[in-house]
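Scroll down for the structure; my scribbles are underneath it.
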Ligand code: F6R
Ligand code: MG
Ligand code: MG
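Numbering (our numbering), first residue to last: 70 to 441.
Structural data, given as structure tokens:
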């Protein structure tokens, strides 16, 4: 049977009023480009949205992961949106278009990518998550909770189909290496790595009993591509749920509380992650706090299941009062951290600041230091 691919490709191509949000003219360009691609049969469904200042393209198709035509479609869409952005003098227009010549895959060129190809089950619920003002490792914690922590996911105990546990692929961003660790047997080793989310990133998860793929995240580290600070990487993630995988509600349960991620103002601070509905997908206070949006849909014959008028049925997962507690916590933590100003641990540890613009400031003091 032909497989289905869910591709989420995103880029910050400029935003309205600082690094705040993606305005309608840019979203419209993206919808227009993807609508045309659907008419031409390249993709079967799409949904355009934003996570703060990031333009997010959700595409469902039959062409597999890393497909050059799908990547070109995303690349050209971002280029057109960046052009519009420049013409409107939006802020940081074209920010994530780090390279100019497209070579078949947007990975390593600025945009972030999470893709998953799979054989559709009789019913296959899919969730897509996107964060702004943080980095890929920000998904480590909720993915660990959902797929490895029996205090979060009842199915790990109750559902025999999950008894074999899950395998986690972890990227070492600094050394460009990866490793696969299996839970529950190697849970301690997994935590030893992914507890440092600035370096180790959960990139993929499979059900161990049959190697069924069930999660995929973006692993781009922009500063390592550009060789300098160019904003945080604002990651995306695709997850499948239910029927022998964690339930939708088990995957959402880690977001009942806020937790801390690196990023926020100037990519240089710890901040509380705030799950929000799409209507609140914008960054304000201290360029944040870092935000998370989540969408859910059913895949159906290589497409997103659609309503009678052909519109994809996509639900806004965090547009719900059940996440008010996490939002309230995020606001309280935000106030605590901001009272500390530029003192650690509000600001990132000194070695993490190497990837920000701080070293340029310190450079000016270099010659004034005397032996002590
Ligand atoms: C974080 C981010 C913003 C900017 C900040 C300063 O990822 O993009 O917090 O770092 O607004 O931006 P500039 O230097 O463009 O004024
Ligand atoms: Mg930006
Ligand atoms: Mg962003």
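Just so you know, even glycine gets a beta-carbon here, dropped at the ideal spot from N, CA and C.
Just to confirm my understanding: we take residue i, look at its own chain, exclude 5 residues before and 5 after, and list those with CB closer than 6 Å. What are they?
{"i": "residue 96", "result": "117"}
{"i": "residue 388", "result": "346"}
{"i": "residue 250", "result": "237, 258, 259"}
{"i": "residue 76", "result": "128, 139, 184"}
{"i": "residue 73", "result": "189, 368, 371"}
{"i": "residue 305", "result": "77, 79, 181, 183, 199, 287"}
State yes or no: is the C-beta of residue i nearer than 7 Å to some heavy atom of ligand 1?
{"i": "residue 88", "result": "yes"}
{"i": "residue 334", "result": "yes"}
{"i": "residue 168", "result": "no"}
{"i": "residue 165", "result": "no"}
{"i": "residue 356", "result": "yes"}
Can you have a look at residue i and say buried or exposed, based on whether 16 or more other CB atoms are within 10 angstroms of its CB?
{"i": "residue 191", "result": "exposed"}
{"i": "residue 409", "result": "exposed"}
{"i": "residue 436", "result": "exposed"}
{"i": "residue 169", "result": "exposed"}
{"i": "residue 426", "result": "exposed"}
{"i": "residue 226", "result": "exposed"}
{"i": "residue 178", "result": "buried"}
{"i": "residue 404", "result": "exposed"}
{"i": "residue 172", "result": "exposed"}
{"i": "residue 202", "result": "buried"}
{"i": "residue 257", "result": "exposed"}
{"i": "residue 259", "result": "buried"}
{"i": "residue 245", "result": "exposed"}
{"i": "residue 231", "result": "buried"}
{"i": "residue 130", "result": "buried"}
{"i": "residue 434", "result": "exposed"}
{"i": "residue 236", "result": "buried"}
{"i": "residue 265", "result": "exposed"}
{"i": "residue 297", "result": "exposed"}
{"i": "residue 331", "result": "buried"}
{"i": "residue 431", "result": "exposed"}
{"i": "residue 180", "result": "buried"}
{"i": "residue 381", "result": "buried"}
Skipping 5 residues on each side, what residues in its chain have a beta carbon closer than 8 Å to that of residue i?
{"i": "residue 323", "result": "210, 211, 214, 215, 221"}
{"i": "residue 194", "result": "309, 310, 311, 317, 365, 366, 367"}
{"i": "residue 290", "result": "204, 205, 242, 302"}
{"i": "residue 325", "result": "391, 392, 394, 395"}
{"i": "residue 149", "result": "98, 102"}
{"i": "residue 360", "result": "120, 121, 200, 201, 202, 342, 343, 344, 345, 349, 350, 351, 352"}
{"i": "residue 94", "result": "153, 157"}
Answer yes or no: the CB of residue i versus the heavy atoms of ligand 2, is any distance below 7 Å?
{"i": "residue 161", "result": "yes"}
{"i": "residue 84", "result": "yes"}
{"i": "residue 443", "result": "With the chain represented from 70 up to 441, any question about residue 443 goes unanswered, as that position is not in the structure."}
Comparing the CB of residue i with every heavy atom of ligand 3, is any distance shorter than 7 Å?
{"i": "residue 202", "result": "yes"}
{"i": "residue 121", "result": "yes"}
{"i": "residue 228", "result": "no"}
{"i": "residue 303", "result": "yes"}
Suppose the cutoff is 7 Å on Cβ atoms and the five residues either side in sequence are ignored; what does the same chain contact list for residue i look like?
{"i": "residue 320", "result": "196, 215, 308, 310"}
{"i": "residue 138", "result": "111, 132"}
{"i": "residue 315", "result": "215, 216, 222, 224"}
{"i": "residue 281", "result": "275"}
Could one say the Cβ of residue i lies closer than 8 Å to chain B's Cβ atoms, at least one of them?
{"i": "residue 377", "result": "Considering every chain present, this structure includes no chain B. It has just one protein chain."}
**Completely contained alpha helix (DSSP H) runs for the region 376–436, where each covers 4 or more residues** = 393–408, 427–432
**Asked** Is the number of C-beta pairs between the region 97–104 and the region 112–130 that are closer than 8 Å three or more?
**Response** yes
**Request:** Pick out the complete beta strand (DSSP E) segments inside the region 255–288, 3 residues or longer, and give them in chain order.
**Result:** 269–276, 281–286
**Message:** Does the structure place the region 72–92 close enough to the region 153–165 that three or more beta carbon pairs sit under 8 Å?
**Reply:** yes
**Request:** Assess, as a yes-or-no matter, whether the region 356–363 is touched by the region 371–383 under the definition of 3 or more beta carbon pairs within less than 8 Å.
**Result:** no
**Prompt:** Hey, is the region 413–429 in contact with the region 338–346, meaning 3+ C-beta pairs nearer than 8 Å?
**Reply:** yes
**Asked** Hey, is the region 143–161 in contact with the region 382–398, meaning 3+ C-beta pairs nearer than 8 Å?
**Response** no
**Validate contact between the region 343–354 and the region 263–274 using beta carbons, cut 8 Å, 3 pairs** = no
**Asked** Of all the beta strand (DSSP E) runs that stay within the bounds of the region 321–386, which reach a length of 3 or more residues?
**Response** 329–332, 338–341, 360–369
**Request:** Give, in chain order, every unbroken run of the beta strand (DSSP E) that is at least 3 residues long and sits entirely within the region 107–172.
**Result:** 114–120, 123–130
**Prompt:** Whole alpha helix (DSSP H) runs in the region 166–240 with 4 or more residues, listed along the chain?
**Reply:** 209–217, 224–227
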